[in-house]
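Here's the structure we're looking at; comments come further down.
2 protein chains.
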Amino acid sequence: MDATHAFEHLPHKTIERLSQYRRALLICLENKKTHIFSHEIAKIQHITSVQVRRDLMLIGYSGTLRQGYNIQELIDLIGEIIDSEELTKVAVMGLGDLGRALVNYFHDKRSKLDIVAIFDINPDKTGTLFNGVPCYSVEEIPTIIQEENISIGIITVPAVQAPVTAGRLVKAGIKGILNYTPTPIQVPNDVYLEELDMITTLEKIAFYVKLSDEKNALKQ
Amino acid sequence: MDATHAFEHLPHKTIERLSQYRRALLICLENKKTHIFSHEIAKIQHITSVQVRRDLMLIGYSGTLRQGYNIQELIDLIGEIIDSEELTKVAVMGLGDLGRALVNYFHDKRSKLDIVAIFDINPDKTGTLFNGVPCYSVEEIPTIIQEENISIGIITVPAVQAPVTAGRLVKAGIKGILNYTPTPIQVPNDVYLEELDMITTLEKIAFYVKLSDEKNALKQ
DNA sequence: TAAATACTGTTAAATAAATAACAGTACAAA
DNA sequence: TTTGTACTGTTATTTATTTAACAGTATTTA
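Residue numbers (the numbering used here), protein chains in the order written: chain A, 157 to 376; chain B, 157 to 376.
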């Protein structure tokens, strides 16, 4: 129906990069820049300028020769593609350190994503506000998710509680889940799931650091 | 020289999955399981059993027909491939919510990765221990990194301070950086960099949730 | 002991993503 | 007014990754 339909088949990686481009562009805009070249964007994102131009081609945006891309226009276009028209509401499951970090992070960000609820089992936390966001008890999950029309849940509870937390979210009708715990969870097909635990990334870095160390050792 | 050399050309994605397999396998081991089938691993990781078998083939591990893979053996082999022989030491830059989350996370984990230092600018925090890990001032970065032989730094400082923090790490001879802030940083080629900000992931989920919503709307 | 079953292991094919190659063009310099 | 330069935009190619196809085999069932 609307513009999004045409962007249905954008590569997953392009979607990620568009989000990153926008973030970089917003900073450029703050610095009073009005235009930017593909190679400038590329440098920021550690990719090639061809990749940038290709991504922009895919979303049908044209720059100006010798001038580059209009930053404001590009920000707006990326917004049309990846943002929903209405606010997308997000819940954070677990008000531990990671939960707090996430809420702080999104606080005051002008974004189409908004953390509107926190859920925790600790009675000392429930009923309070953290950074303006209400913290509810887990019993309230079904009602709040539905009443507030929350579509995404971020799981930051202790690892062992991840599956049961996910189950509650699914039951309440959540549409997307971001699982930050190291425990993989199972969700129905119609729930979009992303698992992203910190250990995997760190172990990967450690592996490549080790590899490069060993290469250097061989040279000597 | 050693076994690692043979695994130099493993696909990046396989490295990530090996780390995830191991985590899942460790949990299975705790539950007194001794063997596991490829399709069981696959289910946990939301991938296909072919993918699992292919990864295991690449690392040269063979299971037993009708019995599956020996969990302990597989854990050990993955360890030989992705772990260093010595402990890999990690520093957390910034003792905010995210920094605390990371330190807690690794606390007590039997792992070849160890967070041995925290750096922060806040004088109330420096000189203290958090979860047994000493917090130093930023002035001490060069000496501690070198004396302790820290090879990886995780940046969790406020976004605007990310580039200067990265610069200090590089100057101190760090070999790998994991940047959790939304501000992209620049490092020399010989430093392995991974950027992983929370907004990108969340915006990606929001996009695919929106997409599926729109498809459903069309059906009706 | 033949047939079915339930797995592993490997090669072949398909898909996804990144890179290379290059055509096109406005502008600047000579 | 030509030549060089510095960009964009697009197609072609290559590389990376996943999936499919299927051969092989121990075990169970008939």
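Ideal Cβ placement from N, Cα and C applies to all residues, glycine included.
With D369 (chain B) as the anchor, note down where its alpha helix (DSSP H) starts and where it stops. Run containing D369 (chain B): 354-375, per the alpha helix (DSSP H) assignment.
Could you tell me the distance, in whole angstroms, from the CA atom of A159 (chain B) to the CA atom of T356 (chain B)? Note that A159 (chain B) scores 45 on pLDDT, short of 50, meaning its location in the model is unreliable; the coordinates nonetheless yield the value given after this. Those two C-alpha atoms are separated by around 36 Å.
Does the beta carbon of G332 (chain A) come closer than 8 Å to any beta carbon on chain B? It does; some Cβ of chain B falls within 8 Å.
Using a Cβ-Cβ cut-off of less than 9 Å, give me the residues of the region 267-278 of chain A that come near chain B, in sequence order. Listed by position along the chain: S267, K268, L269.
Which one of A:N345, A:I231, A:N187, A:I274 has the shortest CA to CA distance from I297 (chain A)? Of the listed residues, the one whose Cα sits closest to I297 (chain A) is A:I274.
Following the continuous beta strand (DSSP E) through D276 (chain A), name the residue where it begins and the one where it ends. In the DSSP assignment, D276 (chain A) falls within the beta strand (DSSP E) that extends over 269-276.
Looking at the strands, I want to know which residues DSSP matches up with V343 (chain A). The partner list for V343 (chain A) (beta bridge, DSSP) is empty, contrary to what the question assumes.
Anything in chain B within Cβ reach of S240 (chain A), meaning under 9 Å, just list it in chain order. Those within 9 Å of S240 (chain A) in chain B are A362, F363, V365, K366, D369.
So, is A322 (chain B) buried or exposed, given that buried needs 16 or more other C-beta atoms within 10 angstroms? Its Cβ being crowded by 16 or more others within 10 Å, A322 (chain B) is buried.
R222 (chain A): contacting residues in chain B (beta-carbon distance under 8 Å): Simply none; closest approach about 25 Å.
Mind checking the region 348-362 of chain A against chain B and listing, in chain order, the residues whose C-beta falls within less than 9 Å of any C-beta there? Taken in chain order, the members of the region 348-362 of chain A whose beta-carbon sits within less than 9 Å of a beta-carbon on chain B are Y348, L349, E350, E351, L352, D353, M354, I355, T356, T357, L358, E359, K360, I361, A362.
In chain order, what residues of the same chain lie with their CB nearer than 7 Å to the CB of N305 (chain A), ignoring the 5 residues before and after it? A distance below 7 Å between beta-carbons, with the five flanking residues on each side excluded, links N305 (chain A) to the following residues of its chain, in chain order: K245.
Using a Cβ-Cβ cutoff of less than 7 Å, which residues in the same chain neighbour N287 (chain A) once the five nearest sequence positions on both sides are dropped? The residues are V259, N260, H263.
How about T284 (chain A): is its C-beta nearer than 8 Å to some C-beta of chain B? T284 (chain A) does not count as touching chain B.
Determine the extent of the beta strand (DSSP E) in which K169 (chain A) is found, giving its start and end residues. Per DSSP, K169 (chain A) belongs to no beta strand (DSSP E); it is in the alpha helix (DSSP H), 168-186.
Leaving out the 5 sequence neighbours to the left and right, which residues in its chain are closer than 6 Å to K169 (chain A) when beta-carbon positions are compared? Excluding sequence neighbours, K169 (chain A) sits near nothing in its chain.
Can you give the Cα-Cα distance for Q342 (chain B) and Q207 (chain A), rounded to whole angstroms? Straight through space, the alpha carbons of Q207 (chain A) and Q342 (chain B) are spaced by roughly 18 Å.
Does any CB atom of chain B fall closer than 8 Å to the CB of D280 (chain A)? By this cut-off, D280 (chain A) is not an interface position.
For Q223 (chain A), tell me which candidate among A:F193, A:G216, A:T204, A:A198 has the shortest Cα-Cα distance. Of the listed residues, the one whose Cα sits closest to Q223 (chain A) is A:F193.
From this set, A:I197, A:K188, A:K189, which residue's C-alpha is nearest S175 (chain A)'s C-alpha? Checked all of A:I197, A:K188, A:K189; the closest Cα to S175 (chain A) is A:I197.
Please list, in chain order, the residues of the region 176-188 of chain B that have any C-beta partner in chain A closer than 8 Å. Within the region 176-188 of chain B, the residues whose Cβ lies closer than 8 Å to some Cβ of chain A are Q176, R179, A180, I183, listed in chain order.
Report the three-state DSSP secondary structure of E206 (chain B) (helix, strand or coil). Here residue 206 (chain B) is Val; the residue named in the question, Glu, does not match the sequence. Here V206 (chain B) carries a helix assignment [DSSP, helix/strand/coil].
From what residue to what residue does the alpha helix (DSSP H) around P290 (chain B) run? Annotation: P290 (chain B) is outside any alpha helix (DSSP H); the continuous beta strand (DSSP E) that includes it extends over 289-293.
How is the alpha helix (DSSP H) around Y261 (chain A) delimited, first residue to last? Run containing Y261 (chain A): 253-262, per the alpha helix (DSSP H) assignment.
Whether or not the region 359-369 of chain B and the region 322-335 of chain A are in contact is what I'm after, with contact meaning three or more pairs of Cβ atoms, one per stretch, closer than 8 Å; do they touch? Between the region 322-335 of chain A and the region 359-369 of chain B, the count of Cβ pairs shorter than 8 Å is three or higher; the stretches touch.
Is the CB of Q201 (chain B) under 8 Å away from at least one CB in chain A? Taking Cβ atoms only, chain A reaches closer than 8 Å to Q201 (chain B), which makes this a yes.
Among the candidates B:N226, B:G255, B:P344, B:E295, whose CA atom is the shortest distance from the CA of I310 (chain B)? Among B:N226, B:G255, B:P344, B:E295, the Cα nearest to that of I310 (chain B) is on B:G255.
Looking only at its own chain, which residues have a Cβ that is under 6 Å from the Cβ of R324 (chain A), when we skip the five neighbours before and after it? Scanning its chain for C-beta atoms nearer than 6 Å, with the 5 sequence neighbours on each side dropped, one finds around R324 (chain A) the residues I297, in chain order.
Could you compute how far the alpha carbon of R178 (chain B) sits from the alpha carbon of R266 (chain B)? Their Cα atoms are separated by approximately 13 Å.
Would you mind telling me which residues of chain B sit closer than 8 Å to P340 (chain A), beta carbon to beta carbon, in chain order? In chain order: Q176, A180, I200, Q201, H202.
In terms of alpha-carbon separation, which member of A:T220, A:I183, A:I215, A:A247 lies closest to T299 (chain A)? Cα-wise, what sits closest to T299 (chain A) is A:A247.
Please return the same chain residues whose Cβ sits closer than 6 Å to the Cβ of F163 (chain A), not counting the five positions on each side in sequence. Counting only Cβ-Cβ distances below 6 Å, and skipping sequence neighbours, we find I237.
Where the alpha helix (DSSP H) through D325 (chain A) begins and ends: The question names Asp, yet the displayed sequence has Leu at residue 325 (chain A). First-last of the alpha helix (DSSP H) with L325 (chain A): 318-327.
Considering only the beta carbon of each residue, do V326 (chain B) and P340 (chain B) sit closer than 8 Å? Contact flag unset, no.
Can you grab the Cα-Cα spacing for the pair T284 (chain B) / T204 (chain A), in whole Å? Each residue's alpha carbon lies about 43 Å from the other.
What would DSSP say about S307 (chain B), mapped onto helix, strand or coil? Three-state result, S307 (chain B): strand.
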